[in-house]
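Data first, discussion second: the structure below is written as structure tokens.
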Amino acid sequence: MKKYLLLVVLFVFSIISCESYRGIKVIKLPVKTDPTISFRIWFKVGSQNDPAGKAGLAALTSTMLTQASTKINSYDQILEKLYPLAADYSASVDKEMTIISGRVHQDNLEKYYELLIQAILQPAFKTEDFERIKTNTLNYLEKTLRYSNDEAFGKETLYQFIFEGTAYGHPEDGLIETVNSITIEDVEQFYRTHFIRDNVVIGIGGGFDGGLVQRLKKDLAKLPAGAPAAVAAPEPEPIDGIHIKLVEKNTRSTGISFGFPISVLRGEDDFYALWLVNSWFGEHRNSSSHLYQVIREARGMNYGDYSYIECFPNGWARQFPPPNVGRQQQIFEVWIRPVQNQAAHFALRAAVRELQQLVDNGMTAEDFELTRKFLKKYHLHYAPTTSMRLGYKIDDEFYSVDDHLKTLSKMLDRLTLDQVNSAIKKHLQYQNLKIAMITQNAEELKQALVDNKPSPMKYSSPKPQQILDEDKEIETYPLNISAVNVLVLKADDIFIK
Amino acid sequence: MKNYCLSVLVSLLFSGCFLCQVNQAAAGIFPYEFQQKVFDNGFKVILIPMDSPGIVAYYSIVRTGSRDEYEPGHSGFAHFFEHMMFRGTKNYPGHVYDRLITEIGANANAYTSNDITCYHLKFASEDLEKVMELESDRFQNLFYSEQAFKTEAGAVHGEYLKSLSSPWMVLNEKLYDTAFDVHTYKHTTIGFREDIEAMPTMYEYSKSFFNRYYRPENVILLIVGDINPAASFELAQKYYGDWQPGYVPPKIPAEPEQKRERKAEVTFSGKTLPILSINYKAMVFDPTDIEMAACYLLGDIVFGETSEIYKKLVIDEQRVRFIGANFSASRDPGLFSIYTMVNTEDDIENIKNEIYRAIEFYQDNLVDEKRLNDLKSNLKYSFLMRLNTAEAVAGRLARLIAMTGNIESVDQLYQSYDKVTTEDIITAANKYLVKQKRTVIVLKGEI
Chain A
12 MKKYLLLVVL FVFSIISCES YRGIKVIKLP VKTDPTISFR IWFKVGSQND
62 PAGKAGLAAL TSTMLTQAST KINSYDQILE KLYPLAADYS ASVDKEMTII
112 SGRVHQDNLE KYYELLIQAI LQPAFKTEDF ERIKTNTLNY LEKTLRYSND
162 EAFGKETLYQ FIFEGTAYGH PEDGLIETVN SITIEDVEQF YRTHFIRDNV
212 VIGIGGGFDG GLVQRLKKDL AKLPAGAPAA VAAPEPEPID GIHIKLVEKN
262 TRSTGISFGF PISVLRGEDD FYALWLVNSW FGEHRNSSSH LYQVIREARG
312 MNYGDYSYIE CFPNGWARQF PPPNVGRQQQ IFEVWIRPVQ NQAAHFALRA
362 AVRELQQLVD NGMTAEDFEL TRKFLKKYHL HYAPTTSMRL GYKIDDEFYS
412 VDDHLKTLSK MLDRLTLDQV NSAIKKHLQY QNLKIAMITQ NAEELKQALV
462 DNKPSPMKYS SPKPQQILDE DKEIETYPLN ISAVNVLVLK ADDIFIK
Chain B
1065 MKNYCLSVLV SLLFSGCFLC QVNQAAAGIF PYEFQQKVFD NGFKVILIPM
1115 DSPGIVAYYS IVRTGSRDEY EPGHSGFAHF FEHMMFRGTK NYPGHVYDRL
1165 ITEIGANANA YTSNDITCYH LKFASEDLEK VMELESDRFQ NLFYSEQAFK
1215 TEAGAVHGEY LKSLSSPWMV LNEKLYDTAF DVHTYKHTTI GFREDIEAMP
1265 TMYEYSKSFF NRYYRPENVI LLIVGDINPA ASFELAQKYY GDWQPGYVPP
1315 KIPAEPEQKR ERKAEVTFSG KTLPILSINY KAMVFDPTDI EMAACYLLGD
1365 IVFGETSEIY KKLVIDEQRV RFIGANFSAS RDPGLFSIYT MVNTEDDIEN
1415 IKNEIYRAIE FYQDNLVDEK RLNDLKSNLK YSFLMRLNTA EAVAGRLARL
1465 IAMTGNIESV DQLYQSYDKV TTEDIITAAN KYLVKQKRTV IVLKGEI
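Those protein sequences? They're chains A and B, same order as listed.
If you read the first sequence in the numbering used here, its first letter stands for residue 12, the second for the next number, and so on.
If you read the second sequence in the numbering used here, its first letter stands for residue 1065, the second for the next number, and so on.
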């Protein structure tokens, strides 16, 4: 037996099970050798449930549970009690999922559990906490997101662009005007409506015992019953041609993100085929990425270039995909990290051209086999901890699949080059894209894009003839962009309402 | 459950090809057994077997960082060199190295800070020898063309540009430039802008950098996870044993004692709330130094989430978005830093005075014994809970090992924490948090 098969044991040596209690499902991942206990309490609610005009309400409500007072303790008392335990709990809100997660050493379980369960069942909704959290959110939207991280800004702008008019069409944190309009009463109402017994799934992992599971079930059964709000998958407008949002700000470099919706989710055969394709084309933060090789490695234009078939939030700060950002609608996304402003047009052309070549020619047998070999082991790094593996088990429930991590491995054995190339033809394309660029001199760039003006690259060092020859093709590669499809905005115009 | 194990005895079965073998027997916080050897050429190997089915974390710790960039015009070179290390050798050119790493599904990356350049991989244990062959080869036989060198300079410039969109990057550039006169901590790890832009012209210098710093006496190999120690030592001897010593220590100028407070303002070309950064000159990192341990604790006592000032300014009055402190020492005396984001520009002076008053309080009054004990408990559990994967263990240890050259410093540091008394906190506050050692930077947004 190949030794790497032992790695698979990492995911199966502990018993993973699901059970249901008074309507509350429990996903257990016992790991006897783990001296800590991981909690992931999943509420089936997310930013897609934000009422009209109240974008950001789900996120604000969740933060009011985890970074605010309870009816038992003020927020500073909670911090003081958590402090010697070196433990905390937090909420993460995505489009469709909210997870309240935490981890504690077994030694400190009792003290921790009380605080965690009080946060969920007995939030105080104090005005002073609300004002603090709301002001933090507004500061993030007005200043941090638009002025402190052009990469986050570009990605969020792209998602908003693709999903405008749908329940996915705003950042999870909301929009400046809608957050401003949220009141403490809105928060309490949202909590009563969505943080209900019929919306919760308990995830627990690590060195816990049966008594703790019973206690959790009993305590969370105290949440009121209710009818979960069903939200249909968003249906983004079909994209016709290439549409660009150029966001103007004072910056020395241009961040580029582009993409389009795809209709593939975990559990479908084509998902695994596209997963392999995407790994070859743009594996996140990995020099094996083809885009990385073309744009960074051969030309030294930027720090990295990647692509995705599932959303990958905070990609600048993590190496592997996060769990619990399950979505019914995904996009194919390309992320070109900032390039010098004068190279932006060339970088966009280079990336779209590579996508065209992938769509037109498919993968080679050699690249297919290499990527299969790579992923066979690489995907085993996705979930090294109990908490991460528990997160993946919760995602299995979201997508109704039987152990995604094991399925990845099994599907790698089954996939053929024909299947993969057929999935490329079926799901990927390069003619209909939405593009977000954070840049300076946006009007000038707009004109260059619309006029299909040549964009020759200038290097500070000699390059091999093969690269220079290819550059000649890239610099005039036609993107076919109409002026009416290019929108120039100021940074201050984004995330308003 | 606490699992304070004794560190382990090293086997004496190996041939006498090692300079020494270290047996660690003292009880400490570090919960895993380890073994270490120093080869004749000065190369140290530390092995930590742990329950990590089939997975190995492999950390090559170069005890060189931006601190070692003492020659004018060469700031940022340690980080740039980290990039060049992925350009391959004659045996395994960059694209071949990349392909082999891809074939084994390894996660490979690197980082640089002021005191360390660290190359790390995570992979299946069956691939240990292949990784060791590749890693030892690039550390001993790095080879790249001037063209490849210049191309990589472009990628580094791109990394610098991407960082510039953060006000924290702008703040730190100003802070270190202001706080230091001659020591190399004057520049940030990525380097001065003009030096980064001149990097493509420094091909010859890059070879000298490699020859001086990438030597066995200056590199420590840390392997954690599913490993057989005896076999791993044999492999290390096979692949690193012939590496020629020749480390040339950098001539880092000593920073003269700071005798007056320094102040500066900097503008960020975007929107941000003002950031106030108050800093004090610190000491050399020494895990046995109780005074240093007291300073580490002091930062959290005065400015942590359970401090009076946090409660007042963040929670009750909501005059700042956050406040925090980073009181950690470095290989040479660096900075203890307090940072806060202030809601309104008009309030900056008042917040500054609140911070000074908070410090003065702990210069005059003993910290509550319970708070001190809570903090020690926090440190202990924070440390233990983060040691949950091979990569996490290696990652947590790497910086400490880079600063001291040994793994024993982990237990020593936590033993020092345990010994800190309330009186030690007062002494540290009065010795280090004084006006003449202070540098204050205010960053404001342009619009």
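For each residue, glycine too, the CB sits at the ideal point set by N, CA and C.
It should be emphasised that the depicted structure is a prediction, and the values quoted were computed from it without experimental measurement.
query, result
"In DSSP terms, what Ser1399 of chain B is bridged to", "For the record, residue 1399 of chain B in the displayed sequence is Leu; it is not Ser. DSSP output for Leu1399 of chain B lists B:Lys1345 as bridge partner(s)."
"Among B:Ser1341, B:Phe1447 and B:Val1474, the one whose alpha carbon lies nearest that of Lys1416 of chain B", "B:Ser1341"
"For Tyr319 of chain A: DSSP bridge partner residues", "A:Glu344"
"Three-state secondary structure assigned by DSSP to Val1504 of chain B", "strand"
"Bridge partners - Val1109 of chain B, DSSP secondary structure assignment", "B:Lys1101 and B:Leu1285"
"Cα-Cα separation, Phe172 of chain A to Leu498 of chain A", "11 Å"
"The ligand MN heavy atom lying under 7 Å from the CB of Leu132 of chain A", "The model on display carries no ligand, and the ligand MN is accordingly not part of it."
"Tyr86 of chain A beta carbon less than 8 Å from that of Asn1442 of chain B", "no"
"Residues of its chain near Thr427 of chain A, where Cβ-Cβ distance is below 6 Å and the 5 sequence neighbours each way are ignored", "none"
"Nearest residue (CA-CA) to Asn1414 of chain B, options B:Ile1254, B:Tyr1445 and B:Ile1373", "B:Ile1373"
"Close beta carbons around Ser1189 of chain B, own chain, < 8 Å, minus the five adjacent residues each side", "Gly1118, Ile1119, Val1120, Gly1289, Asp1290 and Ile1291"
"Residue environment, Glu455 of chain A, which counts as buried when at least 16 other CB atoms sit within 10 Å", "exposed"
"Three-way DSSP call (helix, strand, coil) for Tyr1240 of chain B in this model", "helix"
"Selected residue, minimal CA-CA separation from Ala1142 of chain B, among B:Ser1272, B:Gly1363 and B:Leu1285", "B:Ser1272"
"Residues within the stretch 1252–1285 of chain B neighbouring chain A, beta-carbon criterion of under 8 Å", "Pro1264"
"Separation of Leu1235 of chain B from Phe385 of chain A, as counted between CA atoms", "41 Å"
"Given 8 Å, three or more beta-carbon pairs between the stretch 434–452 of chain A and the stretch 354–372 of chain A", "yes"
"6 Å CB neighbourhood of Val1086 of chain B in its chain, flanking five on each side removed", "Its pLDDT being 41, under 50, Val1086 of chain B is placed unreliably in this model, and the coordinates cannot settle the point."
"Chain B contacts from the stretch 383–404 of chain A (Cβ-Cβ distance under 9 Å)", "Lys384, Phe385, Leu386, Lys387, Lys388, Tyr389, His390, Leu391, His392, Pro395, Thr396, Thr397 and Ser398"
"Cβ of Pro95 of chain A within 8 Å of any chain B Cβ", "yes"
"Own chain, CB closer than 7 Å to Leu126 of chain A, minus 5 neighbours either side, in chain order", "Ile89, Lys92 and Leu93"
"Contact set for Gln1500 of chain B: own chain, Cβ-Cβ below 7 Å, skip 5 residues either direction", "Gln1322, Lys1323, Arg1324 and Glu1325"
"Three-state class that DSSP yields for Gly1509 of chain B in the structure shown", "strand"
"Under 8 Å from the C-beta of Arg509 of chain A: neighbouring residues of chain B", "The first residue shown for chain A is 12 and the last is 508, placing residue 509 of chain A beyond what the model contains."
"Proximity test, Cβ basis, 8 Å: Glu121 of chain A and chain B", "no"
"Cβ separation of Trp346 of chain A and Gly326 of chain A, assumed to be a contact under 8 Å, to the nearest whole Å", "7 Å"
"Arg1385 of chain B: contacting residues in chain A (beta-carbon distance under 7 Å)", "Asn147 and Asn150"
"Distance CB(Pro46 of chain A)-CB(Gln117 of chain A) smaller than 8 Å", "yes"
"Which of helix, strand or coil DSSP assigns to Arg1151 of chain B", "coil"
"Span of the beta strand (DSSP E), counted from its first residue to its last, around Leu444 of chain A", "Leu444 to Thr450"
"Residue interval of the beta strand (DSSP E) (run including Ala1389 of chain B)", "Val1384 to Asn1390"
"Backbone CA spacing between Leu287 of chain A and Gly1388 of chain B [nearest angstrom]", "43 Å"
"Other residues of its chain near Ala1492 of chain B: CB distance less than 6 Å, five sequence neighbours each side excluded", "Glu1355, Ala1358, Cys1359 and Leu1362"
"Any chain A beta carbon closer than 8 Å to Gln1427 of chain B", "no"
"Cutoff 8 Å: Arg360 of chain A Cβ touching any chain B Cβ", "no"
"For Asp161 of chain A and Glu1197 of chain B, the rounded distance between their alpha carbons", "40 Å"
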